[in-house]
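Protein chains in written order, with our numbering: chain A, 1 to 577; chain B, 1 to 577.
2 protein chains.
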Amino acid sequence: MNKNLNHADKVIRDLNVYNTYFRQFRKADVYLKDGKFLYIDKKSGNEINADIEIDGKGRYMIPGLIDIHMHIESSLVTPESFCRYTARNGLTTIVSEPHEIANVCGIDGIRAMIDSGRKTPYDCYYAIPSNVPITGPKYETSGGRITCEDMLELKDEEGIVCLGEVMNYREIIEENDSEVARFIDFVHDDEPDYPLEGHCPELIDLDLAKFLYLGIHSDHTTHDLEELKQRFENGMFVQLQDSMVTQEVIDYIIENDFYPYFSFVTDDTFPDILVKRGHLDGIVRKAISLGMKAEDAIYSSTYTPALRMNFRDRGVIAPGRLADFVLLDDVDTLHIVSTYKKGECIYDQETVQKDHGSYDLNGQFEDTVRSRKLNEDDLKIFVEGQDRIVNVRAMKINPNNNRTDEVLIQMEVKDHELLWKDHDVCEMAVIERHGRDNHIALGFSVNSGIEKGACASSYAHDSHDLIVMGRNEKDILNAINRVIELQGGIVVSCDGKIKAEIALPIGGLLSKKSVEDTAADFVKVRKAFDEIGYLHFNNVMNFTLLSLTCIPTLKLTDRGYLYTVTMQQPLLFEEIK
Amino acid sequence: MNKNLNHADKVIRDLNVYNTYFRQFRKADVYLKDGKFLYIDKKSGNEINADIEIDGKGRYMIPGLIDIHMHIESSLVTPESFCRYTARNGLTTIVSEPHEIANVCGIDGIRAMIDSGRKTPYDCYYAIPSNVPITGPKYETSGGRITCEDMLELKDEEGIVCLGEVMNYREIIEENDSEVARFIDFVHDDEPDYPLEGHCPELIDLDLAKFLYLGIHSDHTTHDLEELKQRFENGMFVQLQDSMVTQEVIDYIIENDFYPYFSFVTDDTFPDILVKRGHLDGIVRKAISLGMKAEDAIYSSTYTPALRMNFRDRGVIAPGRLADFVLLDDVDTLHIVSTYKKGECIYDQETVQKDHGSYDLNGQFEDTVRSRKLNEDDLKIFVEGQDRIVNVRAMKINPNNNRTDEVLIQMEVKDHELLWKDHDVCEMAVIERHGRDNHIALGFSVNSGIEKGACASSYAHDSHDLIVMGRNEKDILNAINRVIELQGGIVVSCDGKIKAEIALPIGGLLSKKSVEDTAADFVKVRKAFDEIGYLHFNNVMNFTLLSLTCIPTLKLTDRGYLYTVTMQQPLLFEEIK
Numbered sequence: 001m002n003k004n005l006n007h008a009d010k011v012i013r014d015l016n017v018y019n020t021y022f023r024q025f026r027k028a029d030v031y032l033k034d035g036k037f038l039y040i041d042k043k044s045g046n047e048i049n050a051d052i053e054i055d056g057k058g059r060y061m062i063p064g065l066i067d068i069h070m071h072i073e074s075s076l077v078t079p080e081s082f083c084r085y086t087a088r089n090g091l092t093t094i095v096s097e098p099h100e101i102a103n104v105c106g107i108d109g110i111r112a113m114i115d116s117g118r119k120t121p122y123d124c125y126y127a128i129p130s131n132v133p134i135t136g137p138k139y140e141t142s143g144g145r146i147t148c149e150d151m152l153e154l155k156d157e158e159g160i161v162c163l164g165e166v167m168n169y170r171e172i173i174e175e176n177d178s179e180v181a182r183f184i185d186f187v188h189d190d191e192p193d194y195p196l197e198g199h200c201p202e203l204i205d206l207d208l209a210k211f212l213y214l215g216i217h218s219d220h221t222t223h224d225l226e227e228l229k230q231r232f233e234n235g236m237f238v239q240l241q242d243s244m245v246t247q248e249v250i251d252y253i254i255e256n257d258f259y260p261y262f263s264f265v266t267d268d269t270f271p272d273i274l275v276k277r278g279h280l281d282g283i284v285r286k287a288i289s290l291g292m293k294a295e296d297a298i299y300s301s302t303y304t305p306a307l308r309m310n311f312r313d314r315g316v317i318a319p320g321r322l323a324d325f326v327l328l329d330d331v332d333t334l335h336i337v338s339t340y341k342k343g344e345c346i347y348d349q350e351t352v353q354k355d356h357g358s359y360d361l362n363g364q365f366e367d368t369v370r371s372r373k374l375n376e377d378d379l380k381i382f383v384e385g386q387d388r389i390v391n392v393r394a395m396k397i398n399p400n401n402n403r404t405d406e407v408l409i410q411m412e413v414k415d416h417e418l419l420w421k422d423h424d425v426c427e428m429a430v431i432e433r434h435g436r437d438n439h440i441a442l443g444f445s446v447n448s449g450i451e452k453g454a455c456a457s458s459y460a461h462d463s464h465d466l467i468v469m470g471r472n473e474k475d476i477l478n479a480i481n482r483v484i485e486l487q488g489g490i491v492v493s494c495d496g497k498i499k500a501e502i503a504l505p506i507g508g509l510l511s512k513k514s515v516e517d518t519a520a521d522f523v524k525v526r527k528a529f530d531e532i533g534y535l536h537f538n539n540v541m542n543f544t545l546l547s548l549t550c551i552p553t554l555k556l557t558d559r560g561y562l563y564t565v566t567m568q569q570p571l572l573f574e575e576i577k
Numbered sequence: 001m002n003k004n005l006n007h008a009d010k011v012i013r014d015l016n017v018y019n020t021y022f023r024q025f026r027k028a029d030v031y032l033k034d035g036k037f038l039y040i041d042k043k044s045g046n047e048i049n050a051d052i053e054i055d056g057k058g059r060y061m062i063p064g065l066i067d068i069h070m071h072i073e074s075s076l077v078t079p080e081s082f083c084r085y086t087a088r089n090g091l092t093t094i095v096s097e098p099h100e101i102a103n104v105c106g107i108d109g110i111r112a113m114i115d116s117g118r119k120t121p122y123d124c125y126y127a128i129p130s131n132v133p134i135t136g137p138k139y140e141t142s143g144g145r146i147t148c149e150d151m152l153e154l155k156d157e158e159g160i161v162c163l164g165e166v167m168n169y170r171e172i173i174e175e176n177d178s179e180v181a182r183f184i185d186f187v188h189d190d191e192p193d194y195p196l197e198g199h200c201p202e203l204i205d206l207d208l209a210k211f212l213y214l215g216i217h218s219d220h221t222t223h224d225l226e227e228l229k230q231r232f233e234n235g236m237f238v239q240l241q242d243s244m245v246t247q248e249v250i251d252y253i254i255e256n257d258f259y260p261y262f263s264f265v266t267d268d269t270f271p272d273i274l275v276k277r278g279h280l281d282g283i284v285r286k287a288i289s290l291g292m293k294a295e296d297a298i299y300s301s302t303y304t305p306a307l308r309m310n311f312r313d314r315g316v317i318a319p320g321r322l323a324d325f326v327l328l329d330d331v332d333t334l335h336i337v338s339t340y341k342k343g344e345c346i347y348d349q350e351t352v353q354k355d356h357g358s359y360d361l362n363g364q365f366e367d368t369v370r371s372r373k374l375n376e377d378d379l380k381i382f383v384e385g386q387d388r389i390v391n392v393r394a395m396k397i398n399p400n401n402n403r404t405d406e407v408l409i410q411m412e413v414k415d416h417e418l419l420w421k422d423h424d425v426c427e428m429a430v431i432e433r434h435g436r437d438n439h440i441a442l443g444f445s446v447n448s449g450i451e452k453g454a455c456a457s458s459y460a461h462d463s464h465d466l467i468v469m470g471r472n473e474k475d476i477l478n479a480i481n482r483v484i485e486l487q488g489g490i491v492v493s494c495d496g497k498i499k500a501e502i503a504l505p506i507g508g509l510l511s512k513k514s515v516e517d518t519a520a521d522f523v524k525v526r527k528a529f530d531e532i533g534y535l536h537f538n539n540v541m542n543f544t545l546l547s548l549t550c551i552p553t554l555k556l557t558d559r560g561y562l563y564t565v566t567m568q569q570p571l572l573f574e575e576i577k
């Protein structure tokens with residue numbers, strides 16, 4: 001039984017309305033009914049009655065922004081807290097991939113995220129985490145594990161819309177029986193339209209073809225231009241994150257008119273960046289600043305992401321689509337005045353207030369750092385045999401990206417102890433914290449820039465075991481033990497004192513605070529990272545990726561060193577031949 | 001468990017391969033595995049072994065054509081017969097809307113069509129008929145009826161991919177409880193991504209908005225340019241059938257670069273047209289002849305229809321997509337050398353043979369013309385009262401389109417009989433034939449051009465009651481009684497003799513012959529239509545639409561005359577005031 005369509009709930013008069021197919025603004029009055037657009041009236045006639053009349057003041061109306069590849073956990077807050085805040089960024093739909101929480105809390109963690117997402121003012125959808133853990137117990141210890149059967153169960157749950165980034169891209173292109181390979185087999189038979197999202201940095205030519213052969217048709221990772229071209233040539237849907245919004249890439253998109261084939265995405269956004277530069281809106285602004293027409297950048301952050309996710313009901317301002325929209329003062333600066341979800345205002349710049357609320361996942365997952373405190377003995381590297389020089393393995397940090405390379409450093413062994421402090425290195429430890437065996441793996445890093453003190457974190461991709469790195473035992477112990485005391489957090493210690501900390505008590509990943517308050521804490525932590533000398537342009541992020549087993553080349557997990565390309569596990573040191 | 005991707009089933013070397021995003025051909029070798037594209041190798045390397053090597057001879061490879069709006073019944077053959085033939089037209093996927101058979105045989109007819117479609121060399125999908133019957137028992141008598149519950153049942157059956165054209169477009173935009181309105185309510189809640197296909201000629205402005213508000217986002221009917229523009233402006237997916245492939249429309253598409261927002265479709269194709277001008281390939285050729293670049297026309301007959309139907313697995317030549325493709329000798333003439341479905345050749349111009357086979361729907365629906373034969377008394381128009389002149393209502397046929405207008409003709413009544421043969425008119429009869437009441441409605445037409453004889457058909461949109469029209473009782477009776485004898489068909493009688501006939505014994509709609517043999521019969525029928533003088537450019541089609549209750553303005557059904565816009569039922573004649 002359909003409705004009386006001669007009556008609208010609301011009309012907003014005097015707008016410049018974005019037209020998707022024409023990629024242009026046009027003057028119109030817009031009628032809304034039951035959360036949908038009813039009529040875009042270009043003649044300013046009075047054909048329908050409306051209960052409420054609103055003066056649009058000549059503002060620009062664009063569809064609500066849609067981010068289809070991102071991880072809420074990167075912002076270190078709960079979905080509820082995240083979505084309440086980011087209404088100001090023009091978001092009205094997101095697809096978040098919750099593999100961080102899944103690595104700690106398993107399927108229950110995912111369900112708690114979905115539940116929290118329901119308490120938000122806009123549509124917070126989820127992707128099924130496809131690689132939890134990213135490798136396996138031989139290589140790292142996670143708290144949670146998502147099997148093929150879990151994925152199949154999740155697929156049918158409300159709020160789940162796609163398979164999240166398939167990250168075992170080198171493994172899955174060869175014959176294998178990984179959980180996600182089994183899941184994809186099921187999906188191929190049952191539902192060939194189901195979106196399977198990819199993650200395949202550096203994959204080209206035949207290897208890329210093999211990955212695509214599995215039906216995985218998108219990628220959001222960082223590429224050079226040749227890699228990017230290959231993705232377009234092979235019919236992939238490209239998701240451009242911040243690192244890909246470069247002059248070269250924007251020029252390439254413009255030249256080829258490739259707007260229908262990509263969308264902007266955020267992937268990971270730390271809370272201080274979120275507050276300072278915005279979210280998807282910030283990336284759209286960046287593209288505009290690099291010469292993309294605003295009307296084109298809007299297209300690829302509203303229409304194309306909706307299309308990729310089969311969201312036929314949104315992404316366009318047209319009759320019958322959800323009335324998800326943003327009003328702008330100015331198009332080129334994308335200055336957001338207000339945001340509407342299903343016709344209701346969820347952000348207004350004039351009435352918005354600071355949020356100092358407290359959020360949780362129904363009180364769950366607040367005891368997930370199951371490690372005893374560490375002591376000096378835990379950090380000692382015992383070497384059997386006589387005094388001598390050995391080759392010690394270290395990760396070389398690259399201050400411009402998140403790649404790590406292997407270096408070997410000759411160090412002296414004296415009385416069975418490795419004298420590492422004679423060298424310009426940091427000692428590192430990764431400690432199993434999910435209540436299995438508390439195993440501690442030790443290692444070294446060079447080139448971080450750290451000159452003093454130590455940093456530690458329970459947020460450490462992807463298994464989120466505890467990670468610590470520093471120049472001396474005292475600060476290393478002080479930092480890591482404070483993380484354990486907090487039941488999760490990121491901590492910097494210097495000269496034996498805690499210099500800055502952020503508490504992440506939910507799963508050791510998320511703050512209980514609002515975005516604003518979390519960002520304020522995080523700013524202090526980032527400043528402390530700077531002060532101890534960590535040089536990387538995004539140092540906290542870089543630190544949390546030193547145990548991530550899907551990016552090249554040498555990483556340290558709770559099981560020790562791992563060559564992530566060959567999946568071999570080299571020792572901490574070796575004899576000089 | 002995925003497969004060994006270092007081994008292909010087939011490689012076709014030396015091809016010019018169509019690239020969808022670039023809308024260009026590029027030289028490459030193409031590897032196939034298990035019915036999918038595995039690798040498009042532009043370097044002509046030998047990276048993978050293949051069991052079979054094929055020389056592509058420099059031919060042009062394009063994705064298989066996809067027609068998402070058509071009715072197999074229009075070609076008067078079974079799905080099996082249709083698809084076997086049309087492999088030569090480059091088709092590899094169709095979405096057929098079986099409302100003709102549904103109007104005669106109900107849901108069982110639809111299921112029989114699906115079943116027949118499974119015996120074909122390519123994917124023959126179906127749309128759920130949304131308006132069966134198109135009006136209701138007050139206005140016309142159909143054999144079958146599809147309820148909301150039937151639609152919900154069909155929606156979950158294999159091979160059904162969308163809701164077919166919603167044709168009660170004037171009714172459904174006002175509050176109403178039609179079966180399809182109820183169905184759409186269900187779909188909105190359950191599955192907002194489900195494609196709902198529209199049919200809304202002449203609808204513009206607020207009325208069009210109301211139609212879109214229901215979530216129906218496509219239209220394939222005929223429009224002037226302003227109506228077409230409104231469809232694009234409102235974010236609709238436009239389906240261009242033959243009548244819309246005009247210079248004006250093609251110029252408009254080219255000027256606005258609107259390739260992503262439309263596809264070519266065939267809607268209705270009579271068998272002789274199919275054999276002579278082809279199918280979707282013929283429409284693509286026509287667009288090219290009007291100045292559209294072949295590479296662009298290919299895009300909108302492969303990629304965009306797949307997108308509209310959520311067919312993520314096809315429509316692009318890229319790794320992981322179904323290996324549905326066509327090899328061409330020449331791009332601009334679209335000369336088809338061979339067609340492949342899932343990597344297997346289903347048509348080759350060198351080996352193709354004439355088909356003289358016999359097809360049926362498992363022997364079902366061969367007794368659906370449930371009428372007694374007619375006699376002279378049935379055709380007499382009895383008028384009560386004294387001799388006088390009355391105003392007699394007639395349908396004025398327009399030789400350029402399928403619109404009919406009302407005219408009133410003053411005729412003499414003598415001895416209770418209407419002396420219509422003194423006038424340049426044809427008498428018409430529409431006879432209920434689904435076994436209800438055999439009711440006969442009489443009427444008149446002018447302007448058909450018919451000078452002698454009569455034509456009759458059991459194929460008569462949408463209820464497919466029997467229709468007959470002619471200049472004298474003898475030929476009228478001869479024609480209609482032969483249709484009844486044949487248990488369905490289209491027949492022309494002249495001077496008391498059958499001049500031509502085509503038997504349509506399956507549901508009174510479909511021939512049991514192959515496309516070639518059906519076309520041969522049909523050519524004779526069309527020639528006979530020409531010979532008795534029927535002037536319309538597509539006379540047989542025009543004749544079968546004279547009882548169709550969803551096109552303007554005056555039609556004749558088995559219940560009598562109907563104004564199709566106002567849904568009033570005027571009398572055959574009225575007194576002169």
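Cβ coordinates follow ideal geometry from the N, Cα and C atoms, glycine included. Model, not experiment: these values are computed from the prediction.
Query	Result
Check whether B:Thr-404 and B:Thr-553 have beta carbons under 8 angstroms apart	yes
Neighbour list for A:Thr-266 in chain B, Cβ cutoff strictly below 8 angstroms	In chain order: nothing, as chain B lies at least about 24 angstroms away.
Touch test, the stretch 103 to 113 of chain A against the stretch 361 to 368 of chain A, Cβ-Cβ under 8 angstroms, three pairs minimum	yes
Reference A:Thr-304; option with closest CA among B:Asp-313, B:Arg-393 and B:Pro-260	B:Pro-260
Integer Cβ distance of B:Leu-228 from B:Val-249, believed to fall under 8 angstroms	6 angstroms
Cβ pair B:Val-77, B:Leu-510 closer than 8 angstroms	yes
Proximal residues, the stretch 11 to 29 of chain B versus chain A, C-beta separation under 9 angstroms	Asn-19, Thr-20, Tyr-21, Phe-22 and Arg-26
Local Cβ density within 10 Å of B:Leu-374, reported as buried at 16 or more and exposed below that	buried
Proximity test, Cβ basis, 8 angstroms: B:Leu-91 and chain A	no
Span separating the alpha-carbon of A:Lys-354 from that of A:Arg-84	11 angstroms
Secondary structure of A:Glu-248, DSSP reduced to three states	helix
Top-ranked residue by Cα proximity to B:Thr-20, from B:Ile-298, B:Cys-345 and B:Ile-52	B:Ile-298
B:Ser-457 versus B:Pro-133: straight-line alpha-carbon distance, rounded	19 angstroms
A:His-335 versus A:Asp-329 - alpha carbon distance	6 angstroms
Within 8 angstroms, strictly: CB atoms of A:Leu-535 and A:Ser-445	no
Same chain only: Cβ atoms within 6 angstroms of A:Arg-482, ignoring 5 sequence neighbours per side	Val-491 and Ile-498
A:Ile-551 classed as buried or exposed, judged by whether at least 16 other C-beta atoms fall within 10 angstroms	buried
Among A:Pro-129, A:Glu-140, A:Ser-81 and A:Gly-90, the one whose alpha carbon lies nearest that of A:Gly-117	A:Ser-81
Run of the beta strand (DSSP E) containing B:Phe-262, from where it starts to where it stops	262 to 264
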